[in-house]
Amino acid sequence: MKLGTITLDVPFFQAALSGYSDQAMRLLAMEHGAPLVFSGLMLDKSVLYPAVLREPLYAVSDREHPIGGQLLGSDPDTMAKAAKMLSESDYDLIDLNFACPAPKVTQKQRGGFLLTDPKRAIEIIRRVRPAVRCPLLVKLRIGYDRSEESLENFWRICEQAVVEGVDGLVIHGRTVDQKYRSRADWSVISRVKSAFPRTTVVGSGDVFSAEDVVERLTEYDVDGVLIARGAIGNPWLFREARALITGRAKPPPPSLTEQGRLMMRHFDLILKQYPTTKATFFFRKFCVYYCRRHPQRKKAQMALITAANVEDVRSAIEHWYNL
Ligand SMILES: Cc1cc2nc3c(=O)[nH]c(=O)nc-3n(C[C@H](O)[C@H](O)[C@H](O)COP(=O)(O)O)c2cc1C
Numbered sequence: 000m001k002l003g004t005i006t007l008d009v010p011f012f013q014a015a016l017s018g019y020s021d022q023a024m025r026l027l028a029m030e031h032g033a034p035l036v037f038s039g040l041m042l043d044k045s046v047l048y049p050a051v052l053r054e055p056l057y058a059v060s061d062r063e064h065p066i067g068g069q070l071l072g073s074d075p076d077t078m079a080k081a082a083k084m085l086s087e088s089d090y091d092l093i094d095l096n097f098a099c100p101a102p103k104v105t106q107k108q109r110g111g112f113l114l115t116d117p118k119r120a121i122e123i124i125r126r127v128r129p130a131v132r133c134p135l136l137v138k139l140r141i142g143y144d145r146s147e148e149s150l151e152n153f154w155r156i157c158e159q160a161v162v163e164g165v166d167g168l169v170i171h172g173r174t175v176d177q178k179y180r181s182r183a184d185w186s187v188i189s190r191v192k193s194a195f196p197r198t199t200v201v202g203s204g205d206v207f208s209a210e211d212v213v214e215r216l217t218e219y220d221v222d223g224v225l226i227a228r229g230a231i232g233n234p235w236l237f238r239e240a241r242a243l244i245t246g247r248a249k250p251p252p253p254s255l256t257e258q259g260r261l262m263m264r265h266f267d268l269i270l271k272q273y274p275t276t277k278a279t280f281f282f283r284k285f286c287v288y289y290c291r292r293h294p295q296r297k298k299a300q301m302a303l304i305t306a307a308n309v310e311d312v313r314s315a316i317e318h319w320y321n322l
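Next up, the structure:
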């Protein structure tokens with residue numbers, strides 16, 4: 000899959016996942032076969048302060064290229080300045096967020112709000128495109144809501160994004176007001192690809208297994224698939240998808256011991272980046288997802304999320320994962 004000057008050897012990548020896709024998650028995703036990863040979204044104004052790019056959620060190591068950075072904002076001028084800063088940093092690719100449904104974001108006329116203001120959205124793209132030399136993507140949902148006006152805005156933004164020369168459209172098949180409810184509508188994503196056959200179109204929504212990746216690529220004729228919630232606590236999804244896409248058999252699921260070893264490594268990576276108390280809390284979010292594979296899921300989850308310090312977390316992993 001081509002994203003401007005960057006070519007991925009498999010047609011999927013790890014999504015921007017605010018509050019999750021820090022360096023630890025990204026490294027594990029890459030080690031398991033993700034060809035591209037994203038950090039969580041960054042506010043344009045913050046990117047203008049170089050210290051922000053050294054924070055654990057955004058700092059980039061040598062082992063995680065190519066990596067994309069995603070920008071959130073509403074002022075075309077600030078977005079262009081931030082994009083320029085980001086393109087001159089360690090990031091290889093930039094994505095503009097016109098998708099986030101969180102009220103604290105939309106109330107400030109950022110993220111998904113921009114689907115109600117196509118003029119401003121298009122102006123942002125127009126200002127950002129010439130400001131950066133790296134590949135530029137736009138991430139958007141299929142409208143703010145299901146109204147006809149909203150659908151028109153969506154198509155207008157897609158069309159102008161193509162005219163302005165973006166290197167890819169990443170489309171989440173839900174409206175902003177749907178948030179994460181009901182199923183993503185991949186038929187709209189597929190229609191975007193038919194309308195703009197020469198533009199790279201990446202679809203997003205409800206991709207939780209390697210089979211989902213293959214099904215979306217074949218049924219909806221998109222160029223690529225975004226792996227989002229499906230990747231949290233499940234980096235094995237990347238190696239499974241890679242195997243199926245390259246015509247190999249799907250590897251067997253990770254054994255309990257392999258899961259435990261990986262969790263231990265994930266925790267160690269987190270401990271290197273955050274103070275211990277913060278690290279222990281932060282790791283809990285991932286444990287909820289890791290434990291989904293556990294035969295005694297509820298008990299293992301409870302033990303891990305109530306572990307109060309580093310030693311307790313380590314012994315809970317050792318106990319529940321037979322290490
Ligand atoms: C916890 C969480 C954080 C997310 N953070 C971002 C983000 O920072 N930027 C973004 O474009 N999308 C973000 N998303 C949306 C995902 O990238 C993706 O488009 C969406 O979850 C649909 O895919 P899925 O149903 O396969 O999870 C986030 C989703 C979740 C659940």
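All the letters of the sequence shown, read from the start, carry residue numbers 0 to 322 under numbering that gives the first Met the number 0. Positions of the beta carbon are idealized from the N, C-alpha and C atoms, including for glycine.
Run of the beta strand (DSSP E) containing residue i, from where it starts to where it stops
i	result
Asp-184	No beta strand (DSSP E) contains Asp-184, which DSSP labels as neither H nor E.
Leu-92	92–97
Gly-111	Careful: Gly-111 lies outside any beta strand (DSSP E) and carries neither H nor E.
Reduced DSSP category for residue i - H, G, I as helix; E, B as strand; rest coil
i	result
Ser-203	strand
Gly-3	coil
Gln-325	Absent from the structure is residue 325, since the part of the chain shown begins at 0 and ends at 322.
Gln-69	strand
Phe-11	strand
Leu-42	strand
Val-175	helix
Phe-195	coil
Val-36	strand
Arg-132	coil
Val-51	helix
Arg-292	helix
8 Å Cβ cutoff, residue i in contact with chain C
i	result
Asp-144	In the displayed structure, chain C is absent; only one protein chain is listed.
Cβ-Cβ separation, residue j to residue i (assumed contact under 8 Å), whole Å
i	j	result
Thr-199	Leu-2	6 Å
Asp-43	Gly-72	3 Å
Ile-269	Leu-16	With a Cβ gap of about 15 Å, Ile-269 and Leu-16 do not count as contacting.
Tyr-320	Gln-258	6 Å
Phe-281	Tyr-273	6 Å
Asp-91	Ile-5	6 Å
Pro-75	Asp-222	Incorrect: roughly 28 Å between the Cβ atoms, too far for contact.
Ala-299	Cys-290	5 Å
Phe-37	Gly-67	4 Å
Ala-302	Ala-315	5 Å
Ala-33	Phe-237	5 Å
Ile-226	Gln-22	Wrong, their Cβ atoms sit about 18 Å apart, outside the cutoff.
Asp-184	Pro-134	Between Pro-134 and Asp-184 the Cβ distance is about 26 Å, and since that is not below 8 Å, they are no contact.
Met-24	Gln-69	Wrong, their Cβ atoms sit about 15 Å apart, outside the cutoff.
Leu-136	Val-169	5 Å
Ser-330	Leu-52	The structure shown has nothing for residue 330, since the chain only spans 0 to 322.
Alpha helix (DSSP H) segment containing residue i, residue limits
i	result
Leu-27	22–30
Val-137	Careful: Val-137 lies outside any alpha helix (DSSP H), inside the beta strand (DSSP E) at 135–140.
Leu-261	255–272
His-171	Premise fails: His-171 lies in the beta strand (DSSP E), 167–171, not in any alpha helix (DSSP H).
Gln-159	147–163
Pro-117	117–127
His-318	309–319
Thr-275	275–289
Pro-75	75–86
Thr-105	102–105
Ligand 3 heavy atom lying under 7 Å from the CB of residue i
i	result
Arg-228	Among the ligands present in this structure, namely ligand 1, ligand 3 is not found.
Could you say if the region 42–61 and the region 252–265 meet the contact criterion of at least three C-beta pairs nearer than 8 Å? no
Would you call the region 55–72 in contact with the region 27–37, where contact means no fewer than 3 C-beta pairs closer than 8 Å? Under the 8 Å Cβ criterion, the region 55–72 counts as touching the region 27–37, having at least three qualifying pairs.
In the region 207–248, which residue ranges form an unbroken alpha helix (DSSP H) of at least 4 residues, counting only runs that do not cross its ends? 209–219 and 235–244
Quick check: the region 194–210 against the region 167–179, are at least 3 beta-carbon pairs closer than 8 Å? Enough Cβ pairs lie closer than 8 Å, so yes.
Take every Cβ of the region 182–193, pair it with every Cβ of the region 122–130, and state whether three or more of those distances are shorter than 8 Å. no
Do three or more CB pairs link the region 108–121 to the region 141–159 at distances below 8 Å? yes
Touch test, the region 236–243 against the region 262–279, Cβ-Cβ under 8 Å, three pairs minimum: no
Cβ contact check for the region 150–167 and the region 70–87: 3 or more pairs under 8 Å: no
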